[in-house]
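J.:
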Amino acid sequence: MKLEVKNICCIGAGYVGGPTMAVIADKCPHIQINVVDLNEQRIALWNSSDLSKLPIYEPGLDEIIERCRGRNLHFSSDIEKNIAKSDMVFISVNTPTKTKGVGAGKASDLKWIDACARQIAKFANGKTIVVEKSTLPVKTAQTVKKILDESEDNTKGNKKFKQFSVLSNPEFLAEGNAVDDLVNPDRVLIGGNDSESINILENIYLSWIDKSKIIKTNLWSSELSKLVANAFLAQRISSINSISALCEATGADINDVALAIGTDKRIGKYFLNPGPGFGGSCFKKDILNLTYICDYYGLKEVSAYWQKVIDINNWQNKRISEMVVEKLFGTITSKKIAILGFSFKSNTNDIRESPAINICKELMIEGCDLHIYDPKVNFEQIVSVIGESKSDLNKDNSHIINEGTWTFAKTVYSAADGADAIIITTEWSEFINIDWKMLSSLLRRPSWVFDTRSIVDTEYIESLGINVWRVGLGN
Ligand code: UDX
Ligand code: ADP
1 MKLEVKNICC
11 IGAGYVGGPT
21 MAVIADKCPH
31 IQINVVDLNE
41 QRIALWNSSD
51 LSKLPIYEPG
61 LDEIIERCRG
71 RNLHFSSDIE
81 KNIAKSDMVF
91 ISVNTPTKTK
101 GVGAGKASDL
111 KWIDACARQI
121 AKFANGKTIV
131 VEKSTLPVKT
141 AQTVKKILDE
151 SEDNTKGNKK
161 FKQFSVLSNP
171 EFLAEGNAVD
181 DLVNPDRVLI
191 GGNDSESINI
201 LENIYLSWID
211 KSKIIKTNLW
221 SSELSKLVAN
231 AFLAQRISSI
241 NSISALCEAT
251 GADINDVALA
261 IGTDKRIGKY
271 FLNPGPGFGG
281 SCFKKDILNL
291 TYICDYYGLK
301 EVSAYWQKVI
311 DINNWQNKRI
321 SEMVVEKLFG
331 TITSKKIAIL
341 GFSFKSNTND
351 IRESPAINIC
361 KELMIEGCDL
371 HIYDPKVNFE
381 QIVSVIGESK
391 SDLNKDNSHI
401 INEGTWTFAK
411 TVYSAADGAD
421 AIIITTEWSE
431 FINIDWKMLS
441 SLLRRPSWVF
451 DTRSIVDTEY
461 IESLGINVWR
471 VGLGN
């Protein structure tokens with residue numbers, strides 16, 4: 001086979017497939033790339049002439065889409081045709097944690113991967129390299145290969161007439177920084193057993209990435225490395241968050257501690273920001289997967305060790321909502337609270353596993369009146385996770401005692417107008433630059449700011465007569 005790919009099809013136009021294919025298209029103008037998805041509405045948004053309507057928000061992505069779309073980057077719902085004409089198919093579909101059946105709550109739901117493998121088996125022609133991009137449990141590639149090789153579309157009698165090679169090429173992009181992570185990755189990992197196919201995929205990356213950054217391993221090392229990378233990153237966050245609670249109790253400042261430990265090169269300064277707990281589609285899911293695999297192999301202690309990273313995360317999340325109620329004199333019924341930020345981190349509109357979800361739910365149980373503002377998250381997204389506000393159902397706009405309400409706010413200032421408290425749940429730069437003087441005149445006294453991201457100047461806000469709680473800051 002020639003070391004050159006002319007047509008790529010990517011199945012799944014989501015947070016991974018969209019930006020990854022956009023950057024490959026930008027760097028490899030000689031390759032035609034078709035990104036396909038079952039979700040026709042999502043495809044229509046990718047094709048929208050108004051670039052502010054792209055289905056995912058990622059800094060710098062709109063410019064790349066503008067350059068490449070229609071040239072060598074295409075978005076379509078015609079899965080059959082685009083698989084058929086491709087030499088290489090990337091699988092970038094969602095793999096959430098199973099909610100029922102065997103492994104519920106831990107194992108990944110592979111039904112979309114299974115469906116993809118069957119589609120590829122049916123429509124592919126000749127030799128096709130199948131690249132696993134989604135985060136997947138170890139040994140998934142083996143399953144995909146089995147479906148491809150043994151599907152009835154590929155066997156007539158016992159003779160195979162299509163050839164497939166399966167590679168694992170995990171994505172290490174962090175949302176909000178996806179374009180830079182793709183353009184300047186720390187490494188590119190390619191796992192597989194077929195060196196020819198590995199070289200073909202490597203050749204694509206060599207268009208803009210130095211060879212020294214490309215790591216080639218066997219399939220299982222590659223699949224496992226992805227889970228372990230995310231588990232290690234999540235572990236750092238649970239570590240720093242656990243110490244944030246100790247700082248609050250003892251009078252230390254987590255920012256000082258993070259600086260003091262992070263300057264040790266062996267520890268490193270990155271990923272030491274305390275917060276309300278990690279969110280996003282990967283960390284929790286990947287650790288659960290890791291514990292599931294460990295349990296399967298009888299490694300109970302290893303499984304319990306990693307489970308603790310999730311336990312601390314849940315605890316951090318819950319202790320924040322409990323602390324808000326406590327500081328507001330033990331009751332928040334009918335009190336107005338502004339929630340600033342609903343995405344799981346800044347610079348993304350993704351709300352999957354966002355810590356804001358549980359914080360809002362817990363506060364609503366206490367009967368408060370939330371006003372939620374996020375620069376990129378829309379009303380429908382919030383409804384999808386916390387439901388319609390009860391107040392929407394009440395024609396007279398009266399509040400239901402002990403069942404909270406929420407309202408979608410269009411600005412920080414409307415969210416905060418008349419509020420008893422502000423909770424900063426996402427570290428958007430807009431919140432770092434808030435005009436606190438102006439805000440202080442809008443709040444109801446006694447007023448509080450709860451900074452779960454450690455981004456505000458506590459002394460300044462306190463000088464305006466507002467009480468401040470900041471994660472990891474002891475008094
Ligand atoms: C992560 C990995 O970083 C990426 O390599 C992998 O491919 C996918 O999963 P992502 O989930 O997009 O990326 O975001 P990340 O920047 O890792 O943040 C995850 C969560 O941890 C966020 O909720 C973030 O706010 C939180 N976080 C991160 C902290 O609380 N403190 C930190 O210091 C860093
Ligand atoms: P990720 O963060 O992993 O990219 P997303 O949920 O953002 O996850 O995107 C995954 C996309 O994959 C969704 O838009 C979904 O519609 C699409 N998808 C899932 N299964 C299939 C399939 N069999 N064929 C085509 N698209 C699929």
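Quick note on numbering: our numbering labels position 414 of the sequence shown as 414, and the sequence is numbered without any gaps.
The C-beta atom is built at its ideal place from N, Cα and C for all residues, glycine as well.
Predicted model only: the values in this text are computed from it and were never measured.
Looking at Glu132 and the ligand UDX, is the gap between the Cβ and the nearest heavy atom below 6 Å?
T.: Checking the Cβ of Glu132 against the ligand UDX gives no.
J.: Leaving aside the five residues before and after Ile401 along the sequence, list all residues of the same chain whose C-beta is less than 7 Å from its C-beta, in chain order.
T.: Note on Ile401: pLDDT 45, under 50, position unreliable in the model; no value is reported.
J.: For a test of your reading of the model: does the CB of Glu175 fall under 6 Å from any non-hydrogen atom of the ligand UDX? Yes or no.
T.: Answer for Glu175: yes, Cβ within range of the ligand UDX.
J.: Please tell me whether Ser354 and Gly279 are closer than 7 Å, where the distance is taken between their beta carbons.
T.: yes
J.: How long is the line joining the alpha carbons of Phe431 and Ile424, rounded to whole angstroms?
T.: When rounded, the distance between both Cα atoms is 8 Å.
J.: DSSP on Asn199, reduced to helix/strand/coil?
T.: helix
J.: How many Å lie between Gly17 and Ile11 at the Cα?
T.: 7 Å
J.: I need the DSSP call for Gly18, collapsed to helix, strand or coil.
T.: Looking at Gly18 - three-state DSSP - the assignment turns out to be helix.
J.: Provide the residue(s) that pair with Met88 in DSSP beta bridges, ordered along the chain.
T.: Looking at the DSSP assignment, Met88 forms a beta bridge with Ile8 and Ile129.
J.: List, from N- to C-terminal side, the alpha helix (DSSP H) runs of 4 residues or more that fit wholly inside the segment 97-155.
T.: 111-123 and 140-150
J.: Which runs of the alpha helix (DSSP H) spanning at least 4 residues fall entirely within the segment 232-267, listed in chain order?
T.: 254-262
J.: If you run the structure through DSSP and keep just helix, strand and coil, what is Leu464?
T.: DSSP places Leu464 in coil when its eight states are reduced to three.
J.: Just checking Ile237 against the ligand UDX - is the residue's beta carbon closer than 6 Å to any of the ligand's heavy atoms?
T.: yes
J.: Looking at Gly472 and the ligand UDX, is the gap between the Cβ and the nearest heavy atom below 6 Å?
T.: no
J.: Using the C-alpha atoms, what's the distance from Asn169 back to Asp295?
T.: C-alpha of Asp295 to C-alpha of Asn169: approximately 25 Å in a straight line.
J.: Report the option in Val471, Trp448, Arg453 and Asp253 whose CA atom is closest to the CA atom of Leu464.
T.: Trp448
J.: Whole angstroms is fine: what's the gap from Leu173's alpha carbon to Thr20's?
T.: 9 Å
J.: The alpha helix (DSSP H) that contains Asn314, what's its start and end?
T.: Lys300 to Lys327
J.: Taking 6 Å as the cut-off, is the CB of Ser477 close to at least one heavy atom of the ligand ADP?
T.: Examination of residue 477 is not possible in this model, given that the chain is present from 1 through 475 alone.
J.: Near His399, which residues of its chain fall below 7 Å by C-beta distance, leaving aside the five closest residues on each side in sequence?
T.: Confidence at His399 is low in this model, with a pLDDT of 45, below 50, so its placement is unreliable and no value can be given for it.
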